[in-house]
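Each residue of the sequence shown is one higher than the one before, counting from 770 in the numbering used here. Just so you know, even glycine gets a beta-carbon here, dropped at the ideal spot from N, CA and C. Note that the structure is predicted; figures quoted are calculated from it, not measured. The next block holds one structure in the form of structure tokens; read it before the comments.
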Amino acid sequence: MTPQQRLNALLELVSERGNVSISEIGEMLGISPATARRDLATLADQRLVTRTHGGAAALGAGYELPLQYKIARQAEAKTAIARATAALIAPGDTVGLNGGTTTTEVARELGKSERFIRADGEYGVTIVTNALNIGYELSVRANVKIVVTGGVARRQSYELVGPLVRDTLDEFALDVVVLGVDGLTGQYGATTMHEGEAEVSRHFASVGRRVIVVADSTKIERSTFARICPLDRIDVLVTDQSVPPTFAADLAAAGVELVVAD
770 MTPQQRLNAL LELVSERGNV SISEIGEMLG ISPATARRDL ATLADQRLVT
820 RTHGGAAALG AGYELPLQYK IARQAEAKTA IARATAALIA PGDTVGLNGG
870 TTTTEVAREL GKSERFIRAD GEYGVTIVTN ALNIGYELSV RANVKIVVTG
920 GVARRQSYEL VGPLVRDTLD EFALDVVVLG VDGLTGQYGA TTMHEGEAEV
970 SRHFASVGRR VIVVADSTKI ERSTFARICP LDRIDVLVTD QSVPPTFAAD
1020 LAAAGVELVV AD
């Protein structure tokens, strides 16, 4: 495990449990108490956790991990989901992407896929995004026309939010919208941690002819703070594992096609 992977795992552990002790960290991550203390000091210096006597605590309920610390989570699942999602997009499509680790993987898959490389040198796919990291990565791909919305950047996710995003999206009609979410349930539909990002994702869905939600198994039957859209606004769910029967019934009732990535 690299130092960055260890910090990722430690921050995720604190986020999930709320409070952890040095001994728990050592047991869960297989590291020495001295290493655990150094790593906690690093995270505390970055104001990602609060040090306590003998351990650390999360900053608050529902704390959202910064994007750079989410990258290693469910990595294989996200890659498989990205491949399956890219297969649902046709050359020449205009695609909307919100921010997040799974949609970033979708963007990478679209950027490198030979299906979107044209012999005449023209763009093979157009991507509209509010995610600065996606815009940056795809700007070097000659086959991709990349459009980044206006807005105010969130440090946690590199996403642009606010009325400028809505004003930009109002100018477009998108063939496909691919949305990353933090939770998906029958009762609340697609949800996310931040209300500003929920508003942007909701607006993406409103200008998309087809809406694809990409969510690994940890997001299924989980609800978070801000609602994006109900299940019946979603056309396709791409995930990495079979979903529970009750949720499968919810999807079927809402007319959502389920795609389980290999």
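DSSP has residue i in a bridge; who is on the other side?
i, result
"Gly1002", "A small fix is needed here, since residue 1002 is Arg in this sequence, not Gly. Bridge partners of Arg1002: none, in fact."
"Leu929", "Ala922"
"Thr870", "Answer by DSSP bridge pairing: none, since Thr870 is not bridged."
"Gly965", "In DSSP, Gly965 forms no bridge with anything."
"Glu1026", "Val1005"
"Val916", "Val897"
"Arg991", "Leu953"
"Leu817", "Note: Leu817 sits in no beta bridge, so no partner."
Buried or exposed, going by whether 16 or more other CB atoms sit within 10 Å of the CB of residue i?
i, result
"Tyr927", "buried"
"Asp936", "exposed"
"Arg923", "buried"
"Ala942", "exposed"
"Arg887", "exposed"
"Thr771", "exposed"
"Gly799", "exposed"
"Lys738", "The question about residue 738 has no answer here: the residues shown for the chain are numbered 770 through 1031."
For residue i, does the three-state DSSP call read helix, strand or coil?
i, result
"Asp862", "coil"
"Arg979", "strand"
"Thr848", "helix"
"Val1012", "coil"
"Val789", "strand"
"Ala830", "Confidence in Ala830 is poor, its pLDDT being 48 and thus under 50, which makes the residue's placement too unreliable to answer from."
"Asp951", "coil"
"Asp936", "helix"
"Ile903", "helix"
"Ala959", "strand"
"Leu812", "helix"
"Thr854", "helix"
"Gly823", "coil"
"Arg887", "coil"
Taking 9 Å as the cut-off, decide whether the C-beta atoms of residue i and residue j are in contact.
i, j, result
"Asp814", "Leu776", "no"
"Leu1000", "Glu1026", "no"
"Gly920", "Leu929", "yes"
"His963", "Ala995", "yes"
"Gly949", "Asp1019", "no"
"Gly865", "Thr898", "yes"
"Ile858", "Val983", "no"
"Asp1004", "Val976", "no"
"Thr854", "Glu883", "no"
Between the alpha carbons of residue i and residue j, how many angstroms are there, rounded?
i, j, result
"Asn746", "Ser970", "Outside the shown range of the chain (770 to 1031) lies residue 746, about which nothing can therefore be said."
"Ile794", "Gly824", "8 Å"
"Thr821", "Phe1016", "40 Å"
"Leu812", "Lys847", "25 Å"
"Ala900", "Ile915", "11 Å"
"Val1029", "Met797", "30 Å"
"Thr961", "Ser986", "15 Å"
Please determine whether the Cβ atom of residue i lies at a distance below 8 Å from any heavy atom of the ligand HEM.
i, result
"Ala967", "As far as ligands go, the structure on display features none, and thus does not contain the ligand HEM."
Say whether chain B places a C-beta atom closer than 9 Å to the C-beta of residue i.
i, result
"Gly893", "No chain B is part of this structure, which consists of one protein chain only."
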